[in-house]
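Just so you know, our numbering puts 112 at position 112 of the sequence shown, and the rest follows in order with no gaps.
To start, the structure under review is shown below, and the notes come after it.
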Amino acid sequence: TSNFARQIALIEKGKKEPVIEVGNLNARRDFTDVRDMVKAYWLALEKGEPGEVYNIGSGRAVTIREMLDILLSFTDLDIEIRPVPERMRPSDVELLVCDCGKFRAITGWKPEIPLEKTLQDTLDYWRARV
């Protein structure tokens with residue numbers, strides 16, 4: 001996500017051609033804002049049992065394409081998305097999504113920051129730095 005956001009910011013500043021090279025856009029991933037994750041880690045320290053394993057995430061799968069489309073919606077530029085065979089991973093897992101029911105049951109934690117906010121903040125971060 002940060003890589004795509006950085007490329008968009010570079011394109012907006014005229015420092016990169018308006019092309020983003022991509023791999024598998026159909027893979028589905030569980031994206032969780034790092035600010036939510038930090039709160040979860042704190043709660044794990046406070047309420048978790050030592051040695052116990054907890055899964056922490058949003059529990060919601062989003063395709064890489066959906067995530068990229070959200071990022072692209074924040075710019076007015078026409079950016080070409082170019083699939084590149086070298087970016088396709090033969091070992092790529094199609095779906096990675098978290099079941100954090102166990103963690104939620106002991107802590108009450110759930111992510112609060114929407115994916116759109118995370119992506120907007122990430123793009124704004126790169127806009128200020130490239």
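Just so you know, even glycine gets a beta-carbon here, dropped at the ideal spot from N, CA and C.
Given the structure is predicted, the values throughout are model-derived calculations rather than measurements.
- In the three-state scheme derived from DSSP, where H, G and I count as helix and E and B as strand, Arg87 is classed as helix.
- Judged by pairs of C-beta atoms under 8 Å, the segment 101 to 108 does not touch the segment 2 to 22, as fewer than three such pairs exist.
- Out of Glu46, Glu49 and Asp99, the CA that lies nearest to the CA of Ile56 is found in Asp99.
- According to DSSP, residue pairing for Ile106 in a beta bridge does not occur.
- Put simply, of Glu94, Glu86 and Leu68 the residue whose alpha carbon is nearest the alpha carbon of Glu80 is Leu68.
- A direct Cα-to-Cα measurement between Ile11 and Asp121 gives close to 17 Å.
- Look at Thr118 here: in three-state DSSP terms it is helix.
- The distance from the Cβ of Arg89 to that of Thr63 is about 15 Å, inconsistent with a contact at the 8 Å cut-off.
- Counting C-beta atoms within 10 angstroms of its own C-beta, Trp109 has 16 or more neighbours from the protein chains shown and is therefore classed as buried.
- Put simply, the backbone Cα of Gly51 is about 43 Å away from that of Ser73.
- With a beta-carbon spacing of about 17 Å, Leu95 and Thr1 fall beyond the 8 Å limit used to define contacts.
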